[in-house]
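Asker:
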Amino acid sequence: MRRPKYFTPAEVAAHNTADDLWVSFLGKVCDLTPLMSEYKGDVLLLPILEFAGKDISSWFDPKTKDVQKYVDPQTNCVRYYTPRGRFVHVPPSGPRSDWASDIGEPWWRDKRYEVGLLSAKTRWIRVINTLTSQEQRMEVRFLRHTSPSPGALCSLSRLSLRPDSVALLIQVCSEETLDEILHRYLHYNSHACSYTWKHDGANLDMSRTLSENNVPDDDLELDQLMLDRDLFTPAILLHFNDDLTEG
1 MRRPKYFTPA EVAAHNTADD LWVSFLGKVC DLTPLMSEYK GDVLLLPILE FAGKDISSWF
61 DPKTKDVQKY VDPQTNCVRY YTPRGRFVHV PPSGPRSDWA SDIGEPWWRD KRYEVGLLSA
121 KTRWIRVINT LTSQEQRMEV RFLRHTSPSP GALCSLSRLS LRPDSVALLI QVCSEETLDE
181 ILHRYLHYNS HACSYTWKHD GANLDMSRTL SENNVPDDDL ELDQLMLDRD LFTPAILLHF
241 NDDLTEG
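Going by UniProt numbering, the first residue of the sequence shown is number 1, and it counts up by one from there.
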């Protein structure tokens with residue numbers, strides 16, 4: 001079975017225009033750009049456009065996976081609850097001659113729009129190339145219950161760690177194996193496959209995740225102790241194998 005893709009809220013937030021619109025809800029991420037094109041100019045797109053790039057889980061019932069409902073006090077009928085205004089595929093509150101009820105699967109149930117799952121927590125790891133002493137800080141996403149394109153995935157920032165080193169912030173998923181993380185690291189080091197990855201003196205199993213390799217996440221404990229997470233970031237050391245691979 002194909003592994004799902006995982007995304008951070010920041011990655012979803014980057015898609016916030018009518019021509020490139022993502023939303024997240026109930027732990028999943030949907031690309032609604034085709035929906036925006038199909039209904040272009042329709043006033044029912046306005047609530048969705050207002051929340052472009054945001055999480056709209058509050059619109060939905062987590063049990064039924066459907067739009068929230070309420071009992072209309074005037075008619076005593078069950079209606080969809082849309083405080084920001086009715087949106088595409090939500091039926092009108094009363095009989096309408098211009099409403100086509102044969103819309104098929106509403107977009108919030110249509111798997112064609114799903115691009116992955118939303119992560120809920122990030123953690124930091126340090127990747128240190130022992131051959132060059134260069135260091136990368138990698139932000140790891142925890143699945144709440146997201147592989148994006150490199151452009152949407154990577155946010156880069158220069159940090160003052162040492163005079164001879166540049167730290168790159170790279171977002172990867174905690175649910176990914178080390179092999180998948182290595183694939184992301186190829187963007188910064190085309191010879192990454194020529195390295196042995198180690199943590200705490202032990203070789204890492206590249207078919208396993210960080211947690212399965214006993215790379216600790218002490219964020220909760222550090223927060224309880226009111227200690228700076230940056231001072232206790234776990235490090236992964238890359239040891240060059242010199243196997244003559246080509247970049």
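Where a beta carbon is used, it is the ideal one built from N, C-alpha and C, also for glycine.
(1) Using a Cβ-Cβ cut-off of 8 Å (strictly less than) and excluding sequence neighbours within five positions of residue 186, which residues of its own chain qualify?
(2) Roughly how many angstroms lie between the CA atoms of residue 222 and residue 231, to the nearest whole one?
(3) Taking just the CA atoms, how far does residue 225 sit from residue 174?
(4) Within the continuous alpha helix (DSSP H) that includes residue 103, where are the two ends?
(5) Under the assumption that residue 48 contacts residue 26 (Cβ atoms under 8 Å), give the Cβ distance between them as a whole number of angstroms.
(6) May I ask which residues mark the beginning and end of the alpha helix (DSSP H) holding residue 48?
(7) In chain order, which beta strand (DSSP E) runs of at least 3 residues are fully inside the UniProt domain "Cytochrome b5 heme-binding" (4 to 60)?
(8) Leaving out five residues on either side along the sequence, give the residues of the same chain with a beta carbon under 8 Å from the beta carbon of residue 209.
(9) Short check: CB of residue 65 to CB of residue 109, under 8 Å?
(10) Count the other CB atoms, across all protein chains shown, that sit within 10 Å of the CB of residue 99; report buried if there are 16 or more and exposed otherwise.
(11) Of all the options 122, 58, 189 and 50, which has the alpha carbon lying nearest to the alpha carbon of residue 248?
(12) Would you tell me roughly how many angstroms separate the C-alpha atoms of residue 129 and residue 202, rounded to the nearest one?
(13) Check the C-beta distance from residue 55 over to residue 88 and give it rounded, since I have them as a contact under 8 Å.
(14) Which two residues bound the contiguous alpha helix (DSSP H) that contains residue 113?
(15) If distances are taken between C-alpha atoms only, which option among 115, 236, 45 and 39 comes closest to residue 8?
(16) Report the three-state DSSP secondary structure of residue 213 (helix, strand or coil).
(17) How would you write the range of the alpha helix (DSSP H) that residue 178 sits in, first residue to last?
(18) Measure the C-alpha to C-alpha separation of residue 82 and residue 70 and round it to an integer number of angstroms.
(19) Count the other CB atoms, across all protein chains shown, that sit within 10 Å of the CB of residue 236; report buried if there are 16 or more and exposed otherwise.
(20) Within its chain, find whatever has a CB closer than 8 Å to the CB of residue 228; leave out the 5 residues flanking it on each side and keep chain order.
(21) Closest to residue 17 by C-alpha separation, out of 4, 37 and 2, would be which residue?
Answerer: Straight from the coordinates:
(1) Answer for residue 186: 192 and 193, listed in chain order.
(2) Each residue's Cα considered, the two are about 10 Å apart.
(3) Going by the C-alpha atoms only, they are around 24 Å apart.
(4) Looking at the DSSP string, residue 103 is not in any alpha helix (DSSP H), and its letter there is neither H nor E.
(5) Not confirmed; about 16 Å, so no contact.
(6) If you look at residue 48, you'll find it in the alpha helix (DSSP H) that goes 46 to 50.
(7) Segments of the beta strand (DSSP E) lying fully in the UniProt domain "Cytochrome b5 heme-binding" (4 to 60): 20 to 25 and 28 to 31.
(8) For residue 209, where only same-chain residues beyond five positions count, the Cβ hits under 8 Å are 174, 175, 176, 177 and 178.
(9) Closer than 8 Å, so yes.
(10) That one is exposed.
(11) In this structure the chain extends from 1 to 247, so residue 248 is not present and cannot be described.
(12) Computed Cα separation, rounded: 16 Å.
(13) In this structure residue 55 is not in contact with residue 88, their Cβ atoms being roughly 18 Å apart against a cut-off of 8 Å.
(14) Looking at the DSSP string, residue 113 is not in any alpha helix (DSSP H), and its letter there is neither H nor E.
(15) The shortest C-alpha separation from residue 8 is found at 115.
(16) Three-state DSSP puts residue 213 in a helix.
(17) It spans 178 to 185 - the alpha helix (DSSP H) in which residue 178 sits, taken as one unbroken run.
(18) Each residue's Cα considered, the two are about 10 Å apart.
(19) Label assigned to residue 236: buried.
(20) If we look at residue 228 and ignore the five residues flanking it on each side, its Cβ neighbours are 222.
(21) Answer by Cα proximity: 37.
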